[in-house]
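Novice: Quick note on numbering: the sequence shown equals residues 1124 to 1235 in our numbering.
After the structure tokens below, expect a handful of questions from me.
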Amino acid sequence: RPGIYYLSLENEDNNYEYADVYGIHLDWYWFFMGKKQFSPFLGFGPALNYYSFDDDRTNNDDSDAGIEGFAGVDFDLSGPWKLMLELRYLWHDIADRDTTIVKLNVGLLYYF
């Protein structure tokens, strides 16, 4: 599944917004119990990230490649609708392994 996302990186200590991150990713999902009413999954995928920094001390733009690993579950709602819950661990820059993010996603999916 391809996807797009937006993140705002902030410093929690002084409530300072550091950068806006726009990304695209292509994910591979493994539904190890099959697709049923309750469908847990594992997955991973590459990501391309574009950074727009908000301070004047750095270049205004930057980009890098990263990797995401995730686990979650799909719940059947009605017909083609599903509720998805997932937890993602992101290595935002594979050259700088200290740059990681944890995301919790909730999504409403429509399969056609």
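All C-beta atoms, glycine included, are put in the ideal place defined by N, C-alpha and C.
(1) Expressed to the nearest angstrom, what Euclidean distance is found between the alpha-carbon atoms of H1215 and G1157?
(2) Tell me the rounded alpha-carbon separation between T1223 and G1126.
(3) Looking only at its own chain, which residues have a Cβ that is under 6 Å from the Cβ of Y1145, when we skip the five neighbours before and after it?
(4) Do V1196 and L1210 have their C-beta atoms closer together than 8 Å?
(5) Taking just the CA atoms, how far does F1155 sit from F1235?
(6) Near P1169, which residues of its chain fall below 7 Å by C-beta distance, leaving aside the five closest residues on each side in sequence?
(7) Do F1161 and F1198 count as a contact pair if the criterion is CB distance below 8 Å?
(8) Taking the C-alpha atoms as reference points, what is the distance between E1133 and E1140?
(9) Look up H1148 in the DSSP assignment and say whether it is helix, strand or coil.
(10) Using only the alpha-carbon positions, how far apart do L1213 and F1167 sit?
(11) Reducing DSSP to helix, strand and coil, say where E1135 ends up.
(12) Residue range of the beta strand (DSSP E) that M1207 falls in?
Specialist: Taking the geometry as given:
(1) 30 Å
(2) 19 Å
(3) Y1129, Y1173
(4) no
(5) 22 Å
(6) H1148, L1149, A1188, I1190
(7) yes
(8) 4 Å
(9) strand
(10) 10 Å
(11) coil
(12) 1204-1214
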